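For the record, in the sequence shown the residue sitting at position 79 is 79 according to this note's numbering, with numbers rising by one throughout.
Comments concern the structure below.
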Amino acid sequence: MSQEGGRMPAGLERAVELARERKAIGGVVLDLRELSSATDYFLIASGRSDVQVRAIAEHILRTSRQEGRRPSHVEGFDQGRWVLIDYIHYVVHIFHPEVRDFYRLEALWGDAPRIEVGEG
């Protein structure tokens with residue numbers, strides 16, 4: 001997966017693969033490099049239930065750690081409604097569909113170039 005102006009970070013590409021392995025739905029990457037100083041990319045995806053949201057997040061966390069990537073911050077894992085995993089240059093957001101519809105991050109960052117990454 002690549003984009004105009006260069007490749008996404010390898011860790012982000014791997015997070016996309018890992019989310020798809022756990023059957024995440026509605027995956028999209030937002031390129032925030034021209035819009036935010038906080039991070040370069042968002043990966044946004046959904047699970048169909050709280051259990052699946054946690055399973056997707058756990059798979060990304062566990063495998064990324066095994067491969068040498070450790071997040072600087074993780075939020076929401078216990079509740080499983082919205083898990084945020086911050087790797088500094090990219091942030092992974094795994095949502096329950098209702099929570100994703102409520103917060104509408106894609107609309108909030110509507111000016112960001114999008115890369116649809118599909119479903120697992």
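Using N, Cα and C, we set each Cβ at its ideal position, and we do this for glycine too.
Because the structure is a prediction, the values reported are computed rather than measured.
**Prompt:** What number of angstroms, rounded off, separates the C-alpha of R7 from the C-alpha of Y41?
**Reply:** 12 Å
**Message:** Given this structure, state the Cα-to-Cα distance separating G27 from V16, to the nearest angstrom.
**Reply:** 8 Å
**Request:** Leaving out five residues on either side along the sequence, give the residues of the same chain with a beta carbon under 8 Å from the beta carbon of H96.
**Result:** S46, G47, S49, D50, V53, G80, R81 and W82
**Message:** For the region 85-96 against the region 63-73, do three or more pairs of beta-carbon atoms, one drawn from each stretch, fall closer than 8 Å, so that the two count as touching?
**Reply:** yes
**Asked** Which residue's Cα is closest to the Cα of T63: V117, E119, G11 and P113?
**Response** G11
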